[in-house]
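**Q**
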Amino acid sequence: MDNKVLAIEPQQILKIKNLVKYFGKREILKDISFDVFQGDVICIIGASGSGKSTMLRCINMLEIPTSGEIIHDERNVVEEQDKLTLYRTKVGMVFQQFNLFNNMSVLENCMVGLVKVLKQDKATARQTALHFLEKVGMAQYINAKPHQLSGGQKQRVAIARALAIQPQVLLMDEPTSALDTQMVGEVLAVMRELAKDGLTMLIVTHEIAFAREVASRIIYVEDGVIVEDDTPDVIFNHPQDARTKAFLSRVTNGLV
Amino acid sequence: MTSAMPVTFFGWVYFLLQQYGVLFVKGALVTLLLAVSGTIVGCIIGLFVGILQTIPINPKDGLVKRGCYQCIRAILAAYVELFRGTPMIVQAMVVYYGSMQVYNIDMSPLVAGFIVVSVNTGAYMAETVRGGIISIDVGQKEAAKAIGMNHFQIMSCVILPQALRNIMPQIGNNLIINIKDTSVLNVISVTELYFLSKSAAGAYYRYFEVFFITCAIYFIMTFAVSRFLLWIEKRMDGPDNYSLVTHDPLADPCGPFTPKKGEN
Chain A
7 MDNKVLAIEP
17 QQILKIKNLV
27 KYFGKREILK
37 DISFDVFQGD
47 VICIIGASGS
57 GKSTMLRCIN
67 MLEIPTSGEI
77 IHDERNVVEE
87 QDKLTLYRTK
97 VGMVFQQFNL
107 FNNMSVLENC
117 MVGLVKVLKQ
127 DKATARQTAL
137 HFLEKVGMAQ
147 YINAKPHQLS
157 GGQKQRVAIA
167 RALAIQPQVL
177 LMDEPTSALD
187 TQMVGEVLAV
197 MRELAKDGLT
207 MLIVTHEIAF
217 AREVASRIIY
227 VEDGVIVEDD
237 TPDVIFNHPQ
247 DARTKAFLSR
257 VTNGLV
Chain B
6 MTSAMPVTFF
16 GWVYFLLQQY
26 GVLFVKGALV
36 TLLLAVSGTI
46 VGCIIGLFVG
56 ILQTIPINPK
66 DGLVKRGCYQ
76 CIRAILAAYV
86 ELFRGTPMIV
96 QAMVVYYGSM
106 QVYNIDMSPL
116 VAGFIVVSVN
126 TGAYMAETVR
136 GGIISIDVGQ
146 KEAAKAIGMN
156 HFQIMSCVIL
166 PQALRNIMPQ
176 IGNNLIINIK
186 DTSVLNVISV
196 TELYFLSKSA
206 AGAYYRYFEV
216 FFITCAIYFI
226 MTFAVSRFLL
236 WIEKRMDGPD
246 NYSLVTHDPL
256 ADPCGPFTPK
266 KGEN
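Chains as they are written, first to last, in this note's numbering: chain A, 7 to 262; chain B, 6 to 269.
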């Protein structure tokens, strides 16, 4: 049945269908559906507590969805949980709190996935890790431990770590929210580069200006539903839904 | 011998050291052997129990699998409670005489002592390891999951190295406690330091002098061990500084990365 879908949209990476997530009795996500295509840079915006992060965490199965489907490579990931580790190597994740492995150096952080999960030999893994550390401008710091780095540097290493396993899509959960303004710039610059390179990304962000500049699609989420899913031009200049308009006016007035 | 018996306290100490020096050394070695091997094996037991107790149970797993996990957890919890909740001196009696009476196993006191110390330490270490594991913030575990690592890999590469570092002071505590507490094994005639001291003291009825020496030997052992463990902790932490790589690491495939500790 998915063959038909794939025939029409050959570059589809993920298909999310009717995703629902409950925490206890609270319904956090209500019927989320959207597709991710090769090369998409999708920025997910919305107020705090609207379910953006939960949505991203469900896509990577860090939170198990209560119901719904995530179709990747013609498989429903929610059903076939025994292949989860393989799926996760295809879907990278960058966290708000960086979450680097504190017991490893910068280089080891980026190598461990390649060596342990993808079973590469160390020399190859080192080359790959160095390549991506170079890309985020952290190649000089390969011997440092995470606690010796600034927030912005940590996040750049975290991005390199996620990229090193060469995922098909990179999920970023508020990658700049834990940084002070000075460091936000360096991380956004890296993300801008990645977008230019054509990396498929799903970014939960509060950086509206960045979203407007880089995104190919904007998804506006409110109360666990996707209110609007369109190009930045439509969302920012001609929002269709009253809720989107209200949110954007609050943002421009500095209320969010 | 009787012609030149010492009269002063230190005279007696010196005399007893000459007479029983070898005995004290033997006793100290047995004590150290029991304490160190018991602590190491106890740590290994504790590690396994701690890891097994922190395996997440997925509600979507089958009933049998979940049942097995619950069963294992119950048994391990019972083990921990039982051995933490009874004195080691009593455990020694039960293991030594019980194995002889019930199972007809005539094990040497040393073996029985080793088992008791290991199992006892294991029960305490299980809780310490569990504490160490849950003290590592959940974010690192999630990050490891997100790059596709399985539970075993997350544990061995990310969580345990950090948890072990954090519980090093507690392992040191356990070793020191074991050096001292192996003295209770004298009830099953393990020839450790306290047992031999008692027999040495009995020979001349010089209890104070003999146990003064014993006291000093115990302190030297525990002090040396505690300093040694501090040194190990320092080594585990690695250097405070790191140097920037000044040349292009990509141009030099085997140059920039020095995995050896202390060189970066």
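Beta carbons: idealized from backbone N, C-alpha and C, even for Gly.
Source: prediction; values computed, not measured.
#1: Out of A:L35, A:Q102, A:D41 and A:I34, state which residue places its alpha-carbon closest to the alpha-carbon of A:I22.
#2: Tell me whether A:Y93 sits in a helix, a strand or coil according to DSSP, three-state version.
#3: When you check each C-beta in the stretch 147 to 160 of chain A against every C-beta of chain B, which residues fall closer than 9 Å?
#4: Which chain A residues are close to B:C162, counting only those with a beta carbon under 7 Å from its beta carbon?
#5: Would you call B:S188 buried or exposed, if buried means 16 or more other Cβ atoms sit within 10 Å of its Cβ?
#6: Please report the Cβ distance between A:A201 and A:I48, rounded to the nearest whole angstrom; I am assuming they are in contact, meaning their Cβ atoms lie under 8 Å.
#7: Assign B:M10 to buried or exposed, taking buried as 16 or more other Cβ atoms, counted over all protein chains shown, within 10 Å of its Cβ.
#8: In terms of residues, what are the limits of the alpha helix (DSSP H) holding A:S255?
#9: In chain A, what lies closer than 8 Å to B:S248 by C-beta?
#10: Assuming A:L124 and A:I171 are in contact, meaning their beta carbons sit under 8 Å apart, how far apart are those beta carbons, in whole angstroms?
#11: Nearest by alpha-carbon distance to A:E180: which of A:G158, A:M144, A:E85 and A:T95 is it?
#12: Strictly by DSSP, which residues pair up with A:I232?
#13: Grouping DSSP H, G and I as helix and E and B as strand, with all else coil, what is B:N246?
#14: List the residues of chain B whose Cβ lies closer than 7 Å to the Cβ of A:Q103, in chain order.
#15: Where does B:M271 land, buried or exposed, given buried means 16+ other C-beta within 10 angstroms?
#16: Less than 9 Å between the C-beta atoms of A:I165 and A:M189, yes or no?
#17: Where A:E263 and A:E140 are concerned, what is the direct C-alpha to C-alpha distance, given to the nearest angstrom?
#18: Of all the residues that make up the stretch 99 to 132 of chain B, which are near chain A by a beta-carbon distance shorter than 9 Å?
#19: Shorter than 9 Å from the beta carbon of B:G67 to some beta carbon of chain A?
#20: What do you get for B:S202, buried or exposed, if any count of 16 or more other CB atoms within 10 angstroms of its CB means buried?
#21: Interface residues of chain A around B:P56 at Cβ under 7 Å?
#22: Give a yes or no on whether 9 Å exceeds the smallest Cβ distance from B:K265 to chain A.
#23: Pull up the distance between the alpha-carbon of A:L155 and that of A:K122, whole angstroms please.
#24: Measure the C-alpha to C-alpha separation of A:Q18 and A:E80 and round it to an integer number of angstroms.
#25: Is the Cβ of B:K31 closer than 9 Å to any Cβ of chain A?
#26: For B:N191, which option in B:S113, B:T59 and B:I60 has the closest C-alpha, if you only look at C-alpha atoms?
#27: A:N66 versus chain B: which residues are under 7 Å apart at the beta carbon?
#28: Taking A:M99 as the query, report the chain B residues whose CB atoms sit under 7 Å from its CB, ordered along the chain.
#29: What residue range does the beta strand (DSSP E) around B:G207 cover?
#30: With distances taken Cα to Cα, identify the nearest neighbour of A:M110 among A:I51, A:G119 and A:Q103.
#31: Using a Cβ-Cβ cutoff of less than 6 Å, which residues in the same chain neighbour A:G230 once the five nearest sequence positions on both sides are dropped?
#32: Between B:T227, B:P174, B:V121 and B:S248, which has its C-alpha nearest B:I50's C-alpha?
#33: I'd like to know whether the C-beta atoms of B:I172 and B:T133 end up nearer to each other than 9 Å.
#34: Which of the three DSSP states is assigned to A:E86 in this structure?
#35: Are A:I76 and A:L136 closer than 9 Å when you measure CB to CB?
#36: How about A:T91 and B:N155: are their beta carbons less than 9 Å apart?
**A** Based on what the coordinates show:
#1: In the first sequence, residue 22 of chain A corresponds to position 16, counting from 1. Among A:L35, A:Q102, A:D41 and A:I34, the Cα nearest to that of A:I22 belongs to A:D41.
#2: Here the question's residue 93 of chain A lines up with position 87 in the first sequence. The answer is helix: DSSP assigns A:Y93 an H, G or I state.
#3: Y147, I148, N149, A150, K151 and Q154
#4: Residue mapping note: residue 162 of chain B aligns to position 157 of the second sequence, counting from 1. V118 and K122, listed in chain order.
#5: Start at 1 with the first residue of the second sequence, and residue 188 of chain B comes out as number 183. Label assigned to B:S188: buried.
#6: Position 195 of the first sequence holds residue 201 of chain A. Position 42 of the first sequence holds residue 48 of chain A. Between A:I48 and A:A201 the Cβ distance is about 11 Å, and since that is not below 8 Å, they are no contact.
#7: For the purposes of this step, residue 10 of chain B is identified with residue 5 of the second sequence, where counting begins at 1. With fewer than 16 Cβ atoms within 10 Å of its Cβ, B:M10 is classed as exposed.
#8: As a first step, residue 255 of chain A must be located in the first sequence, where it is residue number 249. A248 to T258 is the extent of the alpha helix (DSSP H) around A:S255.
#9: Locating residue 248 of chain B in the second sequence gives position 243, counting from the first residue. What B:S248 touches in chain A: N149.
#10: Reading the first sequence from its first residue, position 118 is the one you call residue 124 of chain A. Reading the first sequence from its first residue, position 165 is the one you call residue 171 of chain A. Confirmed, about 6 Å.
#11: Here residue 180 of chain A is taken as the residue at index 174 of the first sequence, counted from 1. Checked all of A:G158, A:M144, A:E85 and A:T95; the closest Cα to A:E180 is A:G158.
#12: Taking the first residue of the first sequence as position 1, residue 232 of chain A is located at position 226. Per DSSP, A:V227.
#13: Against the second sequence, residue 246 of chain B aligns to sequence position 241. Residue state, collapsed to three classes: coil.
#14: Within the first sequence, residue 103 of chain A is the residue found at index 97, counting from 1. Chain B residues near A:Q103: G144.
#15: Here chain B comprises residues numbered 6 to 269, so residue 271 of chain B is not present and cannot be evaluated.
#16: Position 159 of the first sequence holds residue 165 of chain A. Position 183 of the first sequence holds residue 189 of chain A. No, Cβ-Cβ distance for A:I165 and A:M189 is not below 9 Å.
#17: Outside the modelled stretch of chain A, which goes from 7 to 262, sits residue 263 of chain A, for which no answer is possible.
#18: none
#19: Within the second sequence, the letter at position 62 stands for residue 67 of chain B. No, its Cβ sits nowhere closer than 9 Å to a Cβ of chain A.
#20: For the purposes of this step, residue 202 of chain B is identified with residue 197 of the second sequence, where counting begins at 1. Answer is buried; the Cβ neighbour count reaches 16.
#21: Here residue 56 of chain B refers to the residue found at position 51 when the second sequence is read from its first residue. A quick correction: the sequence has Ile, not Pro, at residue 56 of chain B. By Cβ distance, chain A contributes nothing, its closest Cβ being about 17 Å from B:I56, past 7 Å.
#22: Here residue 265 of chain B corresponds to residue number 260 of the second sequence, with the count starting at 1. Because B:K265 carries a pLDDT of 48, less than 50, the predicted location of this residue cannot be relied on, and the following value inherits that uncertainty. No, its Cβ sits nowhere closer than 9 Å to a Cβ of chain A.
#23: Translated into the one-based positions of the first sequence, residue 155 of chain A becomes position 149. Translated into the one-based positions of the first sequence, residue 122 of chain A becomes position 116. Whole-angstrom Cα-Cα distance: 25 Å.
#24: Position 12 of the first sequence holds residue 18 of chain A. Position 74 of the first sequence holds residue 80 of chain A. Going by the C-alpha atoms only, they are around 10 Å apart.
#25: Position 26 of the second sequence holds residue 31 of chain B. False, the Cβ-Cβ gap to chain A never drops below 9 Å.
#26: Taking the first residue of the second sequence as 1, we reach residue 191 of chain B at position 186. If we check each option's Cα against that of B:N191, B:S113 comes out closest.
#27: Against the first sequence, residue 66 of chain A aligns to sequence position 60. The answer, in chain order, is A151.
#28: Residue 99 of chain A sits at position 93 when you count from the first residue of the first sequence. By Cβ distance, chain B contributes A151.
#29: Residue mapping note: residue 207 of chain B aligns to position 202 of the second sequence, counting from 1. Taken as a continuous stretch (DSSP letters only), B:G207 belongs to no beta strand (DSSP E), being part of the alpha helix (DSSP H) at L198 to Y209.
#30: The count along the first sequence starts at 1 and reaches residue 110 of chain A at position 104. Per the Cα distances, A:G119.
#31: The sequence position of residue 230 of chain A within the first sequence is 224, counting from 1. Correct list, in chain order: I34, L35, K36 and G57.
#32: Working through the second sequence from its first residue, we reach residue 50 of chain B at position 45. Ranking the options by Cα distance to B:I50, first place goes to B:V121.
#33: By one-based count along the second sequence, residue 172 of chain B stands at place 167. By one-based count along the second sequence, residue 133 of chain B stands at place 128. Closer than 9 Å, so yes.
#34: Walking along the first sequence from the start, residue 86 of chain A turns up at place 80. Residue state, collapsed to three classes: coil.
#35: Here residue 76 of chain A is taken as the residue at index 70 of the first sequence, counted from 1. Here residue 136 of chain A is taken as the residue at index 130 of the first sequence, counted from 1. Going by C-beta atoms, A:I76 is not nearer than 9 Å to A:L136.
#36: As a first step, residue 91 of chain A must be located in the first sequence, where it is residue number 85. As a first step, residue 155 of chain B must be located in the second sequence, where it is residue number 150. Yes, Cβ-Cβ distance for A:T91 and B:N155 is below 9 Å.
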